[in-house]
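Visitor:
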Amino acid sequence: MRKNYVGLLATGLAAISFEAAAQMPEAQERSADGADPGSGATDEIVVEGVRRLQGVPGDIEPEFTIGEEEIGSYGASNLEEVLEAVAARSGSARGRGSGQPVLLLNGRRIAGFQELRNVPPEAIAKVEVYPEAVALQYGYTADQRVLNIVLKDNFRALTLEAGAGARGSGAAPEGEFEGSYLRLSPQGRVFGDFEIEQAGAIGALNRGIKADLSGPDDRALRTVAPRSEDYQATALWNHVFNRTFAGTASLSLGAGQTRSLIGADAGSGDAITSEGATRSAQLGLTLDASTSNWLATGIVTAAFNQSRTDTLPSSPALSSASEIDRTSLDAVVNASGVVFSMPAGAARLSLRANAGVEATSGESLRSGLLQETDLERTQLGARATLSAPLMSRREDGGFGAISASLTAALGDYSDFGMINAFGGSLNWSPTENLNLLAQADWSENAPSLSQLGDPVVTIPGALVYDPLTGDSVPVTLTSGGNPDLDAEIRTDLTLTANWSLKKLRGLTLSGSYVRNRTDDALASFPDITAATLAAYPSRFVRDAGGVLVAVDRAPVNFAERRTETLRFGAAFFRGFGPRVAGDGPAFRPGGGGPPGGAQA
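Quick note: the sequence shown uses our numbering, first residue 177, plus one each step.
#1: Taking just the CA atoms, how far does asparagine 596 sit from aspartate 696?
#2: Using the beta-carbon count (16 or more within 10 Å), is valine 222 buried or exposed?
#3: Which whole-angstrom value is the C-beta distance of glutamine 374 and serine 526, which I expect to be below 8 angstroms?
#4: Do you know whose CA, among Leu437, Phe421, Gly355, Gly593, lies nearest alanine 411's CA?
#5: Identify whether alanine 401 lies in helix, strand or coil by the three-state DSSP scheme.
#6: What are the partner residues of valine 690, as DSSP defines its beta bridges?
#7: Leucine 625 and threonine 536: beta carbons closer than 8 angstroms?
#8: Unbroken alpha helix (DSSP H) runs of length 4 or more, entirely within the region 573-599: which are they?
#9: Leaving out five residues on either side along the sequence, give the residues of the same chain with a beta carbon under 6 angstroms from the beta carbon of arginine 693.
#10: Hey, is the region 607-622 in contact with the region 643-650, meaning 3+ C-beta pairs nearer than 8 angstroms?
#11: By the 10 Å Cβ neighbour count, where 16 or more other Cβ atoms means buried, how is valine 756 classified, buried or exposed?
#12: Going by C-alpha distance, which of Lys386, Glu304, Ile385, Arg403 is nearest alanine 342?
#13: Roughly how many whole angstroms lie between the Cα atoms of proline 643 and threonine 652?
#14: Cutting at 6 angstroms between CB atoms, please list the residues of its own chain near glutamate 736, excluding the five before and the five after it.
#15: Tell me, which residues are paired with phenylalanine 516 by DSSP?
#16: Is the Cβ-Cβ distance between alanine 531 and alanine 507 less than 8 angstroms?
#17: Among Thr424, Gly283, Glu256, Asn282, whose alpha-carbon lies nearest the alpha-carbon of glutamine 276?
#18: Let me know if serine 605 comes out buried or exposed under the rule of 16 or more other beta-carbons within 10 Å of its beta-carbon.
#19: Provide the residue span of the beta strand (DSSP E) that contains leucine 427, from first to last.
#20: Quick check on the burial criterion: 16 or more other C-beta atoms within 10 angstroms. Buried or exposed for glutamate 298?
#21: Could you check if glutamate 205 is buried or exposed, using at least 16 other CB atoms within 10 Å of its CB as the buried criterion?
#22: Using only the alpha-carbon positions, how far apart do aspartate 416 and glycine 379 sit?
#23: Would you mind listing the beta strand (DSSP E) stretches within the region 305-383 that are 3+ residues and don't spill past its ends, in chain order?
#24: Glycine 283 and threonine 366 - do their beta-carbons sit closer together than 8 angstroms?
#25: Name the residue from Leu463, Leu488, Glu451, Ala622 whose alpha carbon lies nearest to the alpha carbon of alanine 440.
#26: Could you name the residues that DSSP lists as bridge partners for tyrosine 407?
#27: How do the region 422-442 and the region 453-469 stand: do at least 3 beta-carbon pairs fall below 8 angstroms, yes or no?
#28: Just how far apart, CA to CA, sit aspartate 319 and leucine 677?
#29: Starting from glycine 684, follow its DSSP beta bridges and name the residues at the other end.
#30: In chain order, what residues of the same chain have a beta carbon less than 6 angstroms from the beta carbon of glycine 745, not counting five sequence neighbours either side?
#31: What does DSSP give as the partner residues of threonine 549 in its beta bridges?
#32: Quick one: residues in its chain with C-beta nearer than 6 angstroms to the C-beta of glutamate 451, no 5 flanking neighbours on either side, listed in chain order?
#33: With distances taken Cα to Cα, identify the nearest neighbour of alanine 479 among Asn469, Leu505, Ser468.
#34: If you count every other CB in all the chains shown that lies within 10 Å of the CB of threonine 670, and 16 or more means buried, which is it?
#35: Where do the ends of the alpha helix (DSSP H) carrying valine 258 lie?
#36: Return the CA-CA distance between isoleucine 247 and leucine 292, expressed in angstroms with no decimal places.
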C-alpha cells in the first residue's frame, strides 16, 4: 500500500531484479532459392510458434487493456498499487457489492488476493478489464468487473524495500520493510513475501487539541493514533504438471498489535491503556484442469482471524476485555467449456458448485458482566450460465457480432433457507471498436450471519436524543441480531457502451446507465429521527408520561430502495519518448531489465 508521510520523511529503496525473456533467433541469410549459401540443403520450412497468453474465453471482449508501458508509467512497486491506480476505471457501476473487481490470473480463478498482492509490476504482461457479465463465466455474481492479470512467461525478481518517516509533525516515527522473491517460468511460479510495518503513537498534545475545561486536563494521557506493529508473510507454489493439470498452494500469516491511551483513571489519575492484538492465517489450494474445449478449477480455502482488545485501568474491577474468533472453510468447483456449435460460433456453459461453513465465537467482559457469542452457518450453492453467439461478424453482412447469455443460481443457508437468482445479457459489437452490452438480473440476498444471530446486548441508561421532545434522555438500549429478517429482492438493469476511436489511437470513451431496485433492503437500524419514529413505532417504548424509555436498534428491512446511475468516462494513453530495442517497455530501475540480460 502506498504511504503518504507528513513531516520528516526519509525513504530508502534497494532492489535486485532479474528477467529472463525468450528470444527469437535471428533468421540466417538465405539465397534466392531458399537454401543456405553453400550448404546444398533442400528447401526447408521453419514454423516458429509463440504460446498464446491466457485470456478469458467467450465472445465478450475486454473493455480496455492496460499494457506494459502504461503499467510502468504508474511508478507502482507492486500489483496492489497498480490496482489502486486503475480503480477509477475498473470499479463496477452496478451499485452492488463492494465494487471491487474479480481478479483472475492468466484467465484462471485464484484462491485469494494474497496470491497476487505483492507481485512486481515488471512481471505483468498486461491487465485486461472485462464487464460484469464475464464474472458469470467464473461462478461469480454479475456485480463486479473482471480483471485478468496476465503474467510474463519468464521472469525472476528479488526485491527489497525500506521506508521511514514521521507523522504528527514529526512526533511519531514510522517505518516499513518488505522483501519478496518471484520466479515465473512455463513450469509454474514460486513467490515469497515478508512485510513489517511499525508506527509510533500520536498524542493529543502533538495535534494541538484544546483541553476540556469541564474536567481535568488529561491530554498528556490520550493518543489520537495508536502505536502499532504489523507483520505479514506469504508463500506460494504453483506447478504445471502436464498439458492438462496445474496446481497451486498458498499460505498467508499475519499478526499485529496496537497500544493507545484513552484518558486518565478517575481513581488513581494514571493513564487508561487500550491494547489490541490480531492474528490471521489463510490457506489456499487450487487445482486446474483443461482440455481443448473445457476448463475446470477447484479451490479450497481455510481462514482464521482472531482479534482481542483489553482496556486496562488501574482498578482490575473496571477493566474490560473482548476476544472474537472467526473461522471459515470453503470449497468451490467451477467448470466452463463448449457444449455445442452454432452457425455463429460455439456455445459455452459455465457451471459452479460451492459449499462452505463459517463460525464466529467470542467473549466480552465489561463491568464484571460476561457476554458470549457462538454462531455458525453452512452454505450450499450452484450456478449455471449459458452463453451463445447469435451472429458473427463474418456472416452478418455488416450488422456486427451478437451474443447472449442466461444465468440461474440457487443457494441454501442453514440459518435462513433457500434463495434464487436469474439473469440474462445481450452483447452487440457493430464494429471491432464499438461494444454495447445490456444486462438484467433478479436475485435474492440472504441476511448475514451477524444480522440474524448476533447476541442481544442490553445497555441501561444509554443517552439517546428524542426528536419528538428535543431532549437527550437515558433509555434501555437493545442491539443484536434479528431472526425475523427477510431476504432482500434485487432487480437490476445495466446498459454499457465502449468505443475505441480509430482516428485517435489510445482514446477510449465509455458510458453506462444502471438502475437498481431493492425490495425489503437489509440495513442497520437508521439514525433516530422523526421519520424513523414514524416508520418503526414498535422499536420505541414510552412511559405513561410520553418519555422515551427503551429503544431497539436491531437490523431492519427497508420497504424499498432505488438508485439510478449515469456515468461517462474517457481514458487516453499513448507512449512518448525513445524506446530500447525490442518489444518491451524501456528499462527502469527496479524493473525486469532489458530482454535477455540481468541487472543488479
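For every residue, glycine included, the Cβ atom is placed at its ideal position computed from N, Cα and C. Remember, it's a predicted structure, so these values are computed and weren't measured experimentally.
Guide: Let me spell this out:
#1: The sequence position of residue 696 within the sequence shown is 520, counting from 1. The sequence position of residue 596 within the sequence shown is 420, counting from 1. Near 15 angstroms, if we compare the C-alpha coordinates of asparagine 596 and aspartate 696.
#2: For the purposes of this step, residue 222 is taken as residue 46 along the sequence shown, with counting starting at 1. Its pLDDT being 47, under 50, valine 222 is placed unreliably in this model, and the value from its coordinates should be taken loosely. When all chains shown are included, valine 222 counts as exposed.
#3: One-based indexing of the sequence shown puts residue 374 at position 198. One-based indexing of the sequence shown puts residue 526 at position 350. Not really, about 45 angstroms apart at Cβ, beyond 8 angstroms.
#4: Reading the sequence shown from its first residue, position 235 is the one you call residue 411. Comparing Cα positions, the closest option is Gly355.
#5: The residue given as residue 401 occupies position 225 in the sequence shown. Strand at alanine 401.
#6: Locating residue 690 in the sequence shown gives position 514, counting from the first residue. Answer by DSSP bridge pairing, in chain order: Thr670, Thr741.
#7: As a first step, residue 625 must be located in the sequence shown, where it is residue number 449. As a first step, residue 536 must be located in the sequence shown, where it is residue number 360. Result yes, Cβ atoms of leucine 625 and threonine 536 sit closer than 8 angstroms.
#8: none
#9: The residue you call residue 693 lines up with position 517 of the sequence shown. Hits under 6 angstroms: Thr667, Arg738.
#10: no
#11: Locating residue 756 in the sequence shown gives position 580, where the first residue counts as 1. With a pLDDT of only 46 at valine 756, under 50, the local geometry of the prediction cannot be trusted, and no value is derived from it.
#12: By one-based count along the sequence shown, residue 342 stands at place 166. Closest by alpha carbon: Arg403.
#13: Reading the sequence shown from its first residue, position 467 is the one you call residue 643. Reading the sequence shown from its first residue, position 476 is the one you call residue 652. Proline 643 and threonine 652: Cα-Cα distance of roughly 17 angstroms.
#14: As a position in the sequence shown, residue 736 is number 560, starting the count at 1. Excluding residues within five positions, the ones whose Cβ falls inside 6 angstroms are Asp695.
#15: Taking the first residue of the sequence shown as 1, we reach residue 516 at position 340. In the DSSP output, where bridge partners are listed per residue, phenylalanine 516 has Ala523.
#16: Walking along the sequence shown from the start, residue 531 turns up at place 355. Walking along the sequence shown from the start, residue 507 turns up at place 331. In contact: alanine 531 and alanine 507 (Cβ atoms closer than 8 angstroms).
#17: In the sequence shown, residue 276 corresponds to position 100, counting from 1. The shortest C-alpha separation from glutamine 276 is found at Glu256.
#18: Residue numbering aside, residue 605 sits at position 429 when the sequence shown is read from its first letter. With 16 or more Cβ atoms within 10 Å of its Cβ, serine 605 is classed as buried.
#19: For the purposes of this step, residue 427 is taken as residue 251 along the sequence shown, with counting starting at 1. Where leucine 427 is concerned, the enclosing beta strand (DSSP E) stretches over 421-440.
#20: Position 122 of the sequence shown, counting from 1, holds the residue named residue 298. Classification for glutamate 298: buried.
#21: For the purposes of this step, residue 205 is taken as residue 29 along the sequence shown, with counting starting at 1. Here the model assigns glutamate 205 a pLDDT of 40, short of 50, so the residue's position is not dependable and the matter cannot be decided.
#22: Your numbering for residue 416 matches position 240 in the sequence shown. Your numbering for residue 379 matches position 203 in the sequence shown. A small correction: the amino acid at residue 416 is valine; aspartate does not occupy that position in the sequence shown. The alpha-carbon atoms of valine 416 and glycine 379 are separated by roughly 53 angstroms.
#23: 322-327, 331-343, 348-361, 364-375
#24: Your numbering for residue 366 matches position 190 in the sequence shown. Your numbering for residue 283 matches position 107 in the sequence shown. Checking the sequence shown, residue 366 turns out to be valine, not threonine. Contact: no.
#25: In the sequence shown, residue 440 corresponds to position 264, counting from 1. Measuring from the Cα of alanine 440, the nearest candidate turns out to be Leu488.
#26: Here the question's residue 407 lines up with position 231 in the sequence shown. Residue pairing by DSSP places tyrosine 407 opposite Ile372, Ala431 in a beta bridge.
#27: Output reads yes: the region 453-469 touches the region 422-442.
#28: Counting from one through the sequence shown, the residue named residue 319 turns up at place 143. Counting from one through the sequence shown, the residue named residue 677 turns up at place 501. Cα-Cα distance, rounded: 27 angstroms.
#29: Reading the sequence shown from its first residue, position 508 is the one you call residue 684. A small fix is needed here, since residue 684 is threonine in this sequence, not glycine. Answer by DSSP bridge pairing, in chain order: Ser676, Ala747.
#30: By 1-based counting over the sequence shown, the position of residue 745 is 569. Cβ neighbours of glycine 745 beyond the five flanking positions: Ser686.
#31: Numbered from 1 along the sequence shown, position 373 holds the residue referred to as residue 549. The bridge partners DSSP lists for threonine 549 are Gly538.
#32: Position 275 of the sequence shown, counted from the first residue, corresponds to residue 451. For glutamate 451, where only same-chain residues beyond five positions count, the Cβ hits under 6 angstroms are Arg435, Asp486.
#33: Along the sequence shown, read from residue 1 onward, the residue named residue 479 stands at position 303. That would be Leu505, whose Cα lies nearest to the Cα of alanine 479.
#34: Numbered from its first residue, the sequence shown carries residue 670 at position 494. Answer is buried; the Cβ neighbour count reaches 16.
#35: Numbered from its first residue, the sequence shown carries residue 258 at position 82. Start and end: 255-261.
#36: As a working mapping, residue 247 is identified with position 71 in the sequence shown. As a working mapping, residue 292 is identified with position 116 in the sequence shown. So the two alpha carbons sit approximately 15 angstroms from each other.
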